[in-house]
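Note that the numbering used here gives residue 1005 to position 363 of the sequence shown, counting from 1, and the numbers run on in steps of one. Every residue, glycine too, gets a C-beta built ideally from N, C-alpha and C.
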Amino acid sequence: MASSINRVVFISDFFPRRCGIATFTYELCNSITESLKPGAYAEVVAIDETPESYQYPDCVRFQINENIRNDYVVASEFINIIGYDLAIVQHEYGIYGGEDGNYLIHLLRRLNMPVLTTLHTVLTEPSKGQREVLIALAELSDYLVVMSHKAVKILKEVYGISEDKVSFIPHGIPDIPFSDPSFHKDSFGVENQKLILTFGLIGPSKGLEKMIDAMPAIVEQHPDAVYLILGATHPHIIRDSGESYRRSLVQRAKRLGVEKNILFHNRFVSMEVLVQYLSAADIYCTPYPNMAQITSGTLAYALGSGKAVVSTPYWYAEELLADGRGELVDFEDTESFSNAINMLLNDDGKRNTMRKKAYQFCRSMVWSKVAADYIALGESVIAEQACKPKPRSLDTVDVLEELPVTKLQHLKILTDDTGILQHAFSTTPNRHHGYCLDDNARALIVTCLQYKQEKDDSLLSMIHTYLSFIQYAFNTETRRYRNFMSFHRTWLEDEGSEDSHSRAVWALGVAVKYAPVPSIGETSARMFTGAIEKVESFKSPRAIAFSLIGIHAYLEIYAGDSDIRRIRNSLAEKLYKQFKENANDDWPWMEDSVTYANGILPLALMLSGQWIPKMDMHEMGIKALRWLLDKQKSAQGHLSIIGNEDWMTRDGKHSTFDQQPIEPMCLILACCEAYRSTRDDIWVTEARRCLDWFLGNNDLNIPLCNFRTGGCRDGLHPGGASINQGAESTLAWLISLLAMHEINELSPAPKEKE
């Protein structure tokens, strides 16, 4: 199956910043890019600790000054606009600004895509602020990724975070061949010597003093032993005290008389150069003094290159060096260091056995496999959200008691002198996709309904524009409507779909019923009778339903048109027959799957059943509508629409996304008709529940409509709401709102107590 991930964004500090996490992110980002399908890529939002920017590689798309809170908010907007499929955050408290790095939370709260957060520090005794930050990270992330099993236990016992929320993915390592160190030593001038290596940014927290103190006892047995300390001094140490710490180490070696056996390579090296150093080492040493170290990239790299390792027993070392993969020595015990290293230098067999165990254990840790693990986890989250969406807002939605005022500002923005444009780039009309009959038909419905309610003469020009488009779309040779027109006013087809033809019939019927001036009603009636002749041969159930809705609107003005009544009866029987032949008590539906614009089918049955009249037809529509609403009701009670990625089949399975505004619109229209025909208040309640989907009472707790402009986002996706506000979604919102205003006028006000 093709990967669902096309674009990944990392949020972290990044190479060339001198930081272990920056290096980790650089390697993981490159490996994920190499592992994704062709054309997919990973990019970076980099965290800068100084105003002076680094010379970043091209994959860095955005930079955040770690101490400026608003940078995090702006970055979240940028990330959402780009539309990444997955965000991967690297977390360590010191990387991010704010108290205990809490500025990161302001960014994550606003993201619209799945989030994986890799924890590089997990504390057993966090401060109040540190605890709050980590718990917020857990709430805002789909998974927390840890690099040791000990971290999973700490997260559960100290923070109350379920193991189901945590995924173990090992620290990545370069894929280094298993080789004899002797082949590489001449590169560093230590041929015929025994090389002990430590690398990483240099600072007091590394425990280097203890290893230097152990060197006299090592040199006593192995005069050819050399301890090489590779790494630049940590930038924060340089900032605060320059190189005084490094000089203190040099002086310590001189006092102990081992200055010739200790080499300081004051370099921050690339991964390629680091591999050369690792390949030359006989023994790798991590003398860290802090037990609560949950991961170590240097230890992972050394073990993965097949080194014999001597280390203090901090948590990550205990886990990685178990089962004979390394030698653990006591904290603060210089003698144990020298004894362990001497033992390994004296026993080639033991040292080589340890090397092989370490190398074989780490094969699952090479960067390509770690990248594949991250991709697989990301894909599982995306797939899971498609079935069980996670609200993108942690806040519950306060549903408005009063209906919003209908605003047509965005509709006017999308409309030019030809008609309404199909799509928008955010809220700006997108001319590339031109026009379609479907949207101009819906726009005619909106403007006619709005004129009925507001009597606003400024709408007349818009009504004429949409009506003119529908008239021009009619192909007089085929007697069918065309649907798609380019922005250059060129038709892209000779004949559109049955559905688009019938949407025009629906719109023309509405224009006949609600004509603001007689000439519009007369023109619409002539166009309606010309368009209806082909409808009797249509096979699409939804095309039949759209036509029936338009016919009933037309017949409210021209009830005596016997030919249209005959067509109405014929189409209604055709639709009803499909229901009777396919439906049963468990599946009161006319097809073997529930697809799109579903509410329109029971609406057509209810209308036809009332006016033919045929009450079993009406009852079939009521039953089907009640079933549709029940099947699309979440456990929390809100509307959860059947997604268009996989329609619902008889086994009840379906996707949750994408959810389109056209679906609640059709359900609202059906509920309003159910109320008109039964006067049962439950249908007003159900219609309002469907309208609340637009207002944010949905699977993601995200409002889609804009009260100020009347625009509506193009749907809900697993990662959030579309940023675009095209014609179909905007018109679906406006039709829904206008229908609710109309039904509110019919619904009786509560009676006063006597």
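Length of the line joining the Cα atoms of residue i and residue j
{"i": "Y1477", "j": "A874", "result": "Any answer about residue 1477 is impossible in this case: the structure gives the chain only from 643 up to 1396."}
{"i": "L1337", "j": "N1082", "result": "25 Å"}
{"i": "D1037", "j": "P846", "result": "Its pLDDT being 46, under 50, D1037 is placed unreliably by the model, and nothing is read from it."}
{"i": "D990", "j": "D822", "result": "12 Å"}
{"i": "E805", "j": "H733", "result": "18 Å"}
{"i": "G1251", "j": "I653", "result": "59 Å"}
{"i": "G771", "j": "E741", "result": "7 Å"}
{"i": "S953", "j": "S1364", "result": "52 Å"}
{"i": "Y696", "j": "I1087", "result": "56 Å"}
{"i": "D1058", "j": "R1124", "result": "19 Å"}
{"i": "E1384", "j": "A1329", "result": "12 Å"}
{"i": "L843", "j": "G1353", "result": "54 Å"}
{"i": "H813", "j": "L761", "result": "11 Å"}
{"i": "E1233", "j": "N1224", "result": "6 Å"}
{"i": "V900", "j": "T766", "result": "38 Å"}
{"i": "I871", "j": "Y1016", "result": "33 Å"}
{"i": "C1090", "j": "D1227", "result": "39 Å"}
{"i": "Q1051", "j": "L786", "result": "43 Å"}
{"i": "I1162", "j": "L1243", "result": "28 Å"}
{"i": "K1097", "j": "T1048", "result": "13 Å"}
{"i": "R773", "j": "V1326", "result": "46 Å"}
{"i": "H1106", "j": "A1369", "result": "18 Å"}
{"i": "Y1196", "j": "K1216", "result": "20 Å"}
{"i": "R1321", "j": "R1121", "result": "40 Å"}
{"i": "H864", "j": "V788", "result": "40 Å"}
{"i": "S1204", "j": "Y1156", "result": "21 Å"}
{"i": "L986", "j": "E799", "result": "38 Å"}
{"i": "L797", "j": "I936", "result": "12 Å"}
N-terminal and C-terminal residue of the alpha helix (DSSP H) that residue i is part of
{"i": "Y1001", "result": "990 to 1003"}
{"i": "S1204", "result": "1204 to 1224"}
{"i": "Y926", "result": "Unbroken run through Y926 is the beta strand (DSSP E), 925 to 928; no alpha helix (DSSP H)."}
{"i": "D1234", "result": "Taken as a continuous stretch (DSSP letters only), D1234 belongs to no alpha helix (DSSP H), as it is neither H nor E."}
{"i": "S890", "result": "886 to 897"}
{"i": "A1312", "result": "1304 to 1320"}
{"i": "P1183", "result": "1183 to 1197"}
Which residues DSSP lists as bridging residue i, in chain order
{"i": "F906", "result": "I871"}
{"i": "E685", "result": "V651"}
{"i": "L761", "result": "H733"}
{"i": "T1057", "result": "I1062"}
{"i": "F979", "result": "DSSP, once it has assigned bridges, lists no residue as partnering F979."}
{"i": "V1047", "result": "According to DSSP, V1047 bridges with nothing at all."}
Span of the beta strand (DSSP E) around residue i
{"i": "E1072", "result": "Note on identity: in this sequence residue 1072 is Asn, with Glu being the wrong assignment. Counting along the chain, the beta strand (DSSP E) containing N1072 begins and ends at 1070 to 1078."}
{"i": "N707", "result": "702 to 707"}
{"i": "H733", "result": "728 to 733"}
{"i": "A950", "result": "950 to 953"}
{"i": "F1067", "result": "1063 to 1067"}
{"i": "I663", "result": "Premise fails: I663 lies in the alpha helix (DSSP H), 662 to 677, not in any beta strand (DSSP E)."}
{"i": "K836", "result": "836 to 841"}
{"i": "L786", "result": "785 to 788"}
{"i": "S809", "result": "808 to 810"}
Environment of residue i [buried if 16+ CB atoms lie within 10 Å]
{"i": "M1307", "result": "buried"}
{"i": "R1210", "result": "buried"}
{"i": "Q1095", "result": "exposed"}
{"i": "E1164", "result": "exposed"}
{"i": "A1201", "result": "exposed"}
{"i": "F979", "result": "buried"}
{"i": "K836", "result": "buried"}
{"i": "R1168", "result": "exposed"}
{"i": "G939", "result": "buried"}
{"i": "G1138", "result": "buried"}
{"i": "L1134", "result": "exposed"}
{"i": "F830", "result": "buried"}
{"i": "D1341", "result": "buried"}
{"i": "K852", "result": "buried"}
{"i": "D1258", "result": "exposed"}
{"i": "L1388", "result": "exposed"}
{"i": "P1071", "result": "buried"}
{"i": "V1159", "result": "exposed"}
{"i": "A1391", "result": "With a pLDDT of only 49 at A1391, under 50, the local geometry of the prediction cannot be trusted, and the value read off the model is given with reservation. With fewer than 16 Cβ atoms within 10 Å of its Cβ, A1391 is classed as exposed."}
Proximity test, Cβ basis, 7 Å: residue i and chain D
{"i": "D1136", "result": "Of the chains in the structure shown, none is chain D; there is only one protein chain."}
**Request:** Tell me the start and end of each unbroken beta strand (DSSP E) in the segment 1324 to 1389 that is at least 3 residues and wholly inside, in chain order.
**Result:** Listed in chain order, nothing qualifies, since the segment 1324 to 1389 has no complete beta strand (DSSP E) run of 3 or more residues.
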